[in-house]
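Each residue of the sequence shown is one higher than the one before, counting from 1 in UniProt numbering. Where is the CB? At the ideal position from N, CA and C, for every residue including glycine. Quantities reported herein were computed from a predicted structural model and do not represent experimental measurements.
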Amino acid sequence: MLQHLNLPTIDESVVTVDGTTYALVTTSVPGERKLVVVGDGAGFVGEKQADGTLLCSLTPENARALRQRLAWLRPTVLGLQTTAGFGDRLGIATPGHVQATRGTGVAPLYAQQSVRENTRTGRTPQNVVDDAMWGAFEAGWREAWGADADHMKTLEDIEPFVSAGYSFYTIDPGDYVDDATETDDDATLRQKAEALPWHDLQSSLQDAQARYLKRFDLDQFAITFDEHTLLKAIAKYGGAMAHVARMTQRLREVAGSLPFEMEMSVDETGTTTALAEHFYIASELKRLNVPFVSLAPRFVGRFEKGVGYIGDVQELEQNIAGHASIMRYFGNSYKLSLHTGSDKFEVYPIAMRYTGGLVHLKTAGTSYLEALRLIASVDIPFFREILDFTRGRYETDRKTYHVSATLDKVPSSADLTDAQLPDLLNQFDARQVLHVTFGSVLDTYGSRLQRVLHEHLTEYHAYIKRHFDKHLAPFRRKG
């Protein structure tokens with residue numbers, strides 16, 4: 001049907017609905033795709049061919065028109081399914097994510113980017129969701145998928161994501177978490193608790209004491225709030241709860257009748273979330289009628305960017321078991337979320353074992369690292385340049401991340417043979433240095449990097465699939 005265009009058709013994208021056929025074709029420009037509409041072209045902007053076929057650029061306007069025609073290309077809520085979020089800082093990784101997701105039973109959030117990441121990449125929420133949509137369309141994904149407005153911190157963050165059609169909102173109230181409570185005495189804790197914005201919490205300290213100063217029997221153990229434990233939980237997380245309540249109210253105002261779901265994230269804080277504190281957080285979110293489907297506590301040990309879990313795995317297993325028991329107490333009505341979750345291969349089976357699949361895996365920069373792995377093989381001089389550049393940027397760019405890589409363990413390019421370069425993507429310190437400097441790399445080398453990857457898109461997507469096959473295998477739904 002499309003042979004007359006003399007442009008190769010991406011077969012997985014071809015779909016006919018209500019007598020109109022839609023597909024992506026490739027052009028002579030490396031990596032460039034265009035949308036073909038054969039039939040009713042109303043609402044699309046493109047070049048009309050002699051037979052009436054429209055050849056359209058992948059613009060926001062055409063993305064919007066295609067979403068109106070093909071309902072499965074709209075992000076939607078995914079509920080309590082086992083889910084995985086796929087951050088794509090380059091806007092071209094989604095076909096590889098789809099290839100890895102297909103057949104696993106894991107529900108994907110193909111669009112996932114934080115305000116911080118958008119700032120560093122120069123992209124907008126609309127760019128991110130559109131890029132993910134075109135990638136899903138290209139790969140022939142016809143099932144539900146979500147879009148995560150990740151790590152939103154302020155009321156002002158909300159509107160652009162709602163306008164772009166996001167379905168999942170990760171609220172990060174970390175600026176309101178008081179880590180100093182870990183060492184405060186009871187008098188200080190009480191003073192902090194009394195000073196909280198109780199109006200936003202729709203409660204009072206006295207009411208909270210009446211609710212919590214008791215024993216709660218879970219399936220594996222009991223949580224008992226004495227005065228100190230409760231005051232510490234309230235003083236540490238009460239301000240965060242108030243901020244989540246404000247964010248929820250604003251989300252409801254902006255979203256109107258549009259469905260959405262939420263996650264609360266306190267993983268990027270300085271101290272571990274105690275089990276009693278998790279209980280307090282979940283109970284308060286429910287009391288405040290926050291429509292949360294997942295919660296990301298700060299687990300024991302360290303979840304750092306782009307590398308495996310750092311800490312005692314047996315201790316982590318006990319910790320996850322405790323958090324999962326609290327989740328069950330609340331009726332399995334939300335999931336545990338693994339933030340900074342990429343490359344934590346020793347953690348995934350543990351999380352699945354204790355949650356029964358009520359888990360959300362959140363990844364981000366690992367897809368970018370796979371892009372660098374490819375460049376280390378196909379454009380060696382360019383990778384050498386990137387490596388040396390990142391070594392000069394690391395100490396500045398690391399400041400907003402929890403990372404522990406040291407520069408003296410990352411060799412300069414002059415000290416490595418060509419054959420040794422790809423293996424840097426398997427080394428702890430090098431992975432983190434390359435990971436957290438992505439914004440600076442894109443500012444300096446973005447166009448050149450995109451050009452190389454577009455010349456090798458099929459290979460890049462194969463790298464992504466191979467990498468995420470390993471990630472998703474433990475989460476695969478049986479039967």
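Under the rule that 16 or more other beta-carbon atoms within 10 Å means buried, what is Ala195, buried or exposed?
-> exposed
How big is the Cα-Cα spacing for Arg67 and Tyr110?
-> 15 Å
Quick one: what's got a C-beta closer than 7 Å to residue 551's C-beta in the same chain, skipping five residues either side?
-> The displayed coordinates of the chain run from 1 to 479. Any statement about residue 551 would go beyond what the structure contains.
Burial state of Gly439 (16 or more Cβ within 10 Å) = buried
Does the distance from the C-beta atom of Gly85 to that of Lys362 stay below 8 Å?
-> yes
Please check the pair Ile234 and Phe279, which I expect to be a contact at CB under 8 Å, by giving their CB distance rounded to whole angstroms.
-> So it is not a contact: roughly 12 Å between Cβ atoms.
Ser413 - DSSP class collapsed to helix/strand/coil = helix
State the CB to CB distance for the pair Ala107 and Thr83, rounded to an integer number of angstroms; the pair is presumed to be in contact (CB under 8 Å).
-> 5 Å
Cβ atoms of Val162 and Val254: under 8 Å apart, would you say?
-> yes
So the alpha helix (DSSP H) Gly43 belongs to, where does it begin and stop?
-> Taken as a continuous stretch (DSSP letters only), Gly43 belongs to no alpha helix (DSSP H), as it is neither H nor E.
Candidates Thr119, Thr229, Ala187 and Pro75, of which the one nearest Glu143 by Cα | Pro75
Of the residues Gln99, Tyr176 and Asp443, the one placed nearest Arg466, counting alpha carbons only = Gln99
Assigned exposure category for Ala187 - 16 Cβ within 10 Å defines buried = exposed
Can you list, in chain order, the residues of its chain whose CB lies under 8 Å from that of Pro160, leaving out five sequence neighbours each side?
-> Thr124, Pro125 and Gln126
By Cβ distance below 8 Å, which residues in the same chain neighbour Asp179 in space, the five residues on each side in sequence not counted?
-> Lys236, Thr269, Gly270 and Thr271
Along the chain, where does the alpha helix (DSSP H) that runs through Pro30 open and close?
-> Element bounds for Pro30: n/a, residue is neither H nor E.
What whole-angstrom Cβ distance do Tyr401 and Glu346 have, given they're in contact under 8 Å?
-> That pair is no contact at about 21 Å.
Could you round the C-beta distance between Gly87 and Ala364 to whole angstroms and report it? I think they count as a contact, below 8 Å.
-> 3 Å
Is Ser203 helix, strand or coil by DSSP?
-> coil
Residue burial classification, Asp157 (beta-carbon count within 10 angstroms, cutoff 16) | buried
Ser28 beta carbon less than 8 Å from that of Leu46 = It is worth fixing the name first, because residue 46 is Gly in this sequence and not Leu. Contact: no.
Between which two residues does the alpha helix (DSSP H) carrying Pro60 extend?
-> Pro60 to Arg69
In or out: Lys305 buried (at least 16 other Cβ within 10 Å) or exposed?
-> buried
What is the DSSP secondary structure of Gln113, reduced to helix, strand or coil?
-> strand
Once you ignore the five residues that flank Asp418 on each side, which residues in its own chain have a CB closer than 7 Å to its CB?
-> Ile380
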